[in-house]
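Using my numbering, read the sequence shown as starting at 9 and increasing by one per residue.
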Amino acid sequence: MGDQADFATKFHNLDGDLKGERTKNLFKLLKTTVFENEQQLDSALRSLKPKSYQENLFYIETLIYFKRSNELLEVLKGGNEVHISKILKQAWCFQNIFDNVEPEAFVTEFLPHVSYAVKKKFLNRISNHWTEKKIDSLFEALLKKYGIPMAVSVLHKCSPTKIQAAIVELDLQLNSNQVLNIYNKSEELFIFYVNLKQYYNDEKVLKNIAIKNPELVLKLHRERKIRLYRVGRRTSKNMFNMVNDDVLKDSEYYLKFLNNAVVVRKLGKHFDTLFKDLFPNQLNSVSTYCKSCQLISYYPKNRRWNLLNQTFTEKFNGRELKDLLLNFNSMTSLNPPKEIVELWAEVHYKEQQGNYNNFLKYYPPAKAIPALKEKINVTSDLWERQSLVLLLIETCKNSEDLDALVEVLKYICFRHRNEEPSFRTSVLGSLRNAFKLEDFNENHWKYIDEQLEILRIQKQFSLGSNGDFMEKHLEYLVKNGKDYKPLLIQYLKDMAIERRIRDFRNIDLSISKRLYTEMVDHIEEVINSVNNSYSIHFKHDYFLTILNFCQNNPEFCIKIADFPLFVQLIENNFSKDAKYNNQIIANVILYNVKFPQYAVKYNIDIFDILRHTIAENKYLGPLESVFTKIILTKDRDDFANKMLEFYFKELFERYTVSCIVCWFLKNEPKILSPHMRIVAEKYDTCLNGNKIYRLIKHYSHLGFDKIVSDSLIAQLDKNDVDVSRRILIPICILLSTNDFITFVFERYLPKKDKLDLMDDKMREIYRVQCEVAKRLAYVDEPYKMLPTIMKFCRGDYLQSALPSLQKAFYRSPERVLYSYVEALSKQAVSARKHAIFLSCEVLDKPHTLHLLANTKESNISSLKYLFSATLKYFLKNPSKELLDKVIENMNSIDVNDKETLDSLKDVTVPVKYRAQYIEKCWKYFEGLKSKGVKITEYLNAFLNHMSEDILSISILSASFTRDIINRYFPVIEERPSYIEWFVIRVLQIRVAERNKNFQIVFDILSKFSDNMRISFFKSFINNNPDQQLLTLCAENWYKNFTLIDSFGEHVSLKLNSFKLENLSVDDLATKTVSYLEQLMTEFGYHCFERFVEQFKIAFNGYDTVGEYRFFLAILKYKVTPTTCSLVLNSIVDMSDDDNINLRNTFNEIVNIIKSVETPIVQINLKAFLVNNASC
């Protein structure tokens, strides 16, 4: 039988230091303790009195383990975010507590007890456990109490019927994640949503769905329901496999969104067909940037040039290859053979355009080098000469000719011996970039060494810039069994002169080891010959380089004891009389630890040396690696334990290392127990980041949290703003919420609302109080902090306290917030604004609506804020009531407040309310004109908002639209630029009002200038009127404007009416030609040109193939000089077009015209063919 007292005792005295150990022991206790009945368990749980942060967490774990639903429900309502987050992870909890709760009760009785932040998480969890029927009810309950944003969070879990109804009725604009949730629920729902949107284009959504369901995305894209951006490689592969056969037929379409590299690779041998199809028909369009040549870069390198050359020959038979090559600025991606590159370079060089000398580097060295030398000889400009010399090197690179490079280097050494150091540096840099240094032979190194020697003479040599040349030369000599000692000694000399050691970072490690060991024999003589005063420092630096090499490359470790120089250096540093070099001491210790088989002996206790170093107050940085590498392990040997004891006993207080402190906090906190006061005092170097303070909070059983918090609080006595800025959040983390409230109340609570500039004591603490105010909400139970925050939300403290106020509101239970909103609404203007803002953000909808409707303000700033808040809330939760409030509050806007005025035109109002909103705003702005407001930009915006779905709504009154036309369609000083578009849309969409509107429009048109009338007419025709609309327009046009006054418009109306009669191509051709002949009979041949203008405009809406069939039908109906001229004026050369049907139709048209013997026809045909000939 379980003993309750024993259970409580064990709970409060769990073994272990680490959080993980104590958690493990907690669950061991829970599993091994047996309770005979619920009463015993109840009694045992009541006996638990958790006092610390960790014990409270363990208490929650205990409730979860025993599935104590009632207690957990109270915890959920309690407002402690840390405790709530633990419960939210338990799926069973939602089933046990809420399965039998009705949605309405859940929303009205439970949700007010949790914060806004928790609501979101809670709804996500609960929606995974309830049925669709219950979620439908939950959606409605949320909509009623909290509005659309909260309700939409569960929409994807509703039934399909509810989802569709909600999207339509509420005109929902879902974000990316919501749309993806809809898709994951049902593909049909996603399609339904997309169908409601015009050309849906959310990139995140479409790319995500394309990965899962490429077939659906392809289908929607084909139907022009979505706009698809370029998709990734994997998706492109999947899509390609589905449309394999169609890619060649409609390549331009697929290449816009499929990964082009994937298309090319998947097509394989069929890419040749695609390439030829896309290859331009005009030679001057061929370039690196044309689509076909961009795609060829994904084709196998060895086949690129052959494909390009073959295609060029087929398309432009008879043209010279140089004509093609001139179109390319680079041949790199085409991978042509050498002779083609040479020809390409030659034709470009001969053009003598731009920096044409660059093309010489592509010539064979035998031609390029003499030509470049000749240019160098006649060039006096230093930079030009240098660039030509660098071209010599690039020539060798492009031809991969190392023998030619030898000759170039020889020439440079002879001809350019006296150039500036910058010249030589550029030459060496070019060599490094153009070639692999390991490919050089003895001849190359001879001339490179000469260049380096000249730099030494010029006092411009630097190992940092040129050391790699010496290292690679040394590597070459060693590998090839050549004498390398002179160069090695020179290398040593250079290091001694520059007083820097350079490691062999770029050469073979075995050679590095050999060179390092051989350099030892020459150090003394080299140092003495260069700078004896630097001898000891050089030896130390060299020794450290060796030790680092061994640490980093243990397989090539050098046995230090074999070298007397190193042994002597160790003895000199490891002796009682030595001036210790900490770096050498640290590295030798680490060497001995890592390579015990090669360990170097020293005749002194290492700890005595360390004590001496501390006593002499030396810099201890080099010793840090000794301690971190030796003591930071749980598997310590005897030496490591001694090192650990020494560090904490004799060094820790002086040299507290952050990484060591953090390691022991996470792994062996008890070792830090005697030293936590030191850690706390050095918080700024030892304790980095809030994460480490949260860990310390778990060590209340060791007293760490109190030690650190007490020390940090003591730091605040200085009233230093920078200190308070750094430590207030750590204090907030370490203290319980209640303790933090007490801490703030006792020290920092404002005594006055306003800062008294004459009160020195108040001025001193004011800045710290502001820092405190900013951090008040960083507690686990922010609702408890609200009374304190409110005391800061006054006067000169308000701005500092606002972040805390907002944070606390988002994270506090809703039920406690109403009283604080009421208190804020009775304060000064700034506080009242935030009462409105916070209500709109986190409180329920009925309360917010009541607040917005009943708030009475007289202050201009408050009125502005109230209006903006009402408008924003209306957009989030549109309703007739809120719209009326928005319209009512418009009158409170200051006419000089452009920001608020602009907001009226910039918002997107739901379609259901848009018509009424626009009409009210329009009339409001018209009223502002008399007050000096320039209203044109606003009227334009509202005209633009009046799309088809708005203009077709009957709520937009006929009188309103007619009033707009009457007032703004005439030529006035501030005429909106969108007015013509609006007039045309009204004529198109509002069918019942057409006759009356046409009468108004033509009354106004009759007063227009010719140019303005023609402009309107073109816009009208370009908007593709249907037959009924066009007929009505024609009737009014003929009535108001004679054929003489508007010949072009009469012809256009006639031709467009023919098009809309749904005639066959032959009948349309017959009618058109007959009409032309009628006009020519009436007005003579000179009207032909006017007719052709309108003819081209009228029939350019056809697809090209249909258009050319129509032209052919004209000639088949009647072949006359007039019809031939009409067709020739309307077509362009299609003889090379890729579309076979189009090309055949074009050829048939040309053949018919060729058969006409009338001279003028042949003259026109000849002119046409010449003007449209391929380039």
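All C-beta atoms, glycine included, are put in the ideal place defined by N, C-alpha and C.
Owing to the predicted nature of the structure, the values given are computational and were not obtained by experimental measurement.
Inset, instruction - Please classify C667: is it buried, with 16 or more other beta-carbons within 10 angstroms of its beta-carbon, or exposed? - result: exposed
Legend entry - Length-filtered (4 minimum) alpha helix (DSSP H) runs lying within the region 808–859: 825–832, 837–850
Legend entry - Helix, strand or coil at S866 according to DSSP, with G and I counted as helix: coil
Inset, instruction - Can you grab the Cα-Cα spacing for the pair M1020 / F977, in whole Å? - result: 11 Å
Inset, instruction - Kindly identify the DSSP beta-bridge partner or partners of P234. - result: The question names Pro, yet the displayed sequence has Ile at residue 234. Paired residues: Y208.
Inset, instruction - Could you check if A877 is buried or exposed, using at least 16 other CB atoms within 10 Å of its CB as the buried criterion? - result: buried
Inset, instruction - Could you check if M898 is buried or exposed, using at least 16 other CB atoms within 10 Å of its CB as the buried criterion? - result: buried
Inset, instruction - Please classify S123: does DSSP put it in a helix, a strand, or coil? - result: strand
Inset, instruction - Select from P854, L695, I617, E889 the residue whose C-alpha is nearest the C-alpha of W671. - result: L695
Legend entry - DSSP-derived helix/strand/coil call for N1005: helix
Legend entry - Helix, strand or coil at K762 according to DSSP, with G and I counted as helix: coil
Inset, instruction - Please classify R819: is it buried, with 16 or more other beta-carbons within 10 angstroms of its beta-carbon, or exposed? - result: buried
Inset, instruction - For C670, name the three-state secondary structure that DSSP assigns. - result: helix
Inset, instruction - May I ask you to verify whether the region 350–359 touches the region 387–399, counting CB pairs closer than 8 Å and requiring at least 3? - result: no
Legend entry - Distance cut-off 6 Å: E865 Cβ against heavy atoms of the ligand GTP: Of ligands this structure carries none, so the ligand GTP is not represented either.
Inset, instruction - Tell me whether A729 is buried or exposed, calling it buried when 16 or more other Cβ atoms sit within 10 Å of its Cβ. - result: The displayed chain sequence assigns Val, not Ala, to residue 729. Burial call: exposed.
Legend entry - Rounded distance between the beta-carbons of E789 and T745, thought under 8 Å: 4 Å
Legend entry - Option nearest F875 by Cα separation, candidates P886, L860, E889: L860
Legend entry - Pairwise C-alpha distance: V601 and E408: 50 Å
Legend entry - Classification of I963 by the beta-carbon crowding that lies within 10 angstroms, buried from 16 upward: exposed
Inset, instruction - Give a yes or no on contact between the region 302–317 and the region 335–351, applying the rule of three or more CB pairs nearer than 8 Å. - result: yes
Legend entry - Counted within 10 angstroms of its Cβ, other Cβ atoms place M9 as buried (16 or more) or exposed: Caution is warranted here: a pLDDT of 42 is assigned to M9, below 50, making its placement in the model unreliable, and no coordinate value can be reported.
Legend entry - Local Cβ density within 10 Å of L858, reported as buried at 16 or more and exposed below that: Per the sequence shown, the amino acid found at residue 858 is His instead of Leu. The residue is exposed, with fewer than 16 neighbouring Cβ atoms inside 10 Å.
Inset, instruction - Could you say if the region 708–715 and the region 756–763 meet the contact criterion of at least three C-beta pairs nearer than 8 Å? - result: no
Legend entry - Best match in E689, L226, K245 for proximity to L236 [C-alpha to C-alpha]: L226
Legend entry - In chain order, each alpha helix (DSSP H) run of at least 4 residues that lies wholly inside the region 87–123: 89–96, 99–106
Legend entry - Cα-Cα separation, P157 to V109: 23 Å
Legend entry - Neighbourhood of P222 by C-beta, 7 Å cutoff - its chain only, sequence neighbours within 5 removed: T243, N246, M247, M250
Legend entry - Distance, N1005 Cα to A174 Cα: 37 Å
Inset, instruction - Kindly give me the distance between the Cβ atoms of H545 and L577, rounded to whole angstroms, as I take these residues to be in contact under 8 Å. - result: About 12 Å separates the two Cβ atoms, so there is no contact after all.
Inset, instruction - Go ahead and label I1211 buried or exposed: buried means 16 or more other beta carbons lie within 10 angstroms of its beta carbon, across all protein chains shown. - result: Look at the range of the chain in this structure, 9 to 1183, and you will see that residue 1211 is not part of it.
Inset, instruction - Find out if the Cβ-Cβ distance for the pair A785, S812 is shorter than 7 Å. - result: yes
Inset, instruction - Note down the Cα distance separating N649 from I554, rounded to an integer number of angstroms. - result: 28 Å
Legend entry - Residue closest to A816, alpha-carbon to alpha-carbon, out of M793, A836, E1101: M793
Legend entry - Beta-carbon spacing of V850, Y124 below 7 Å: yes
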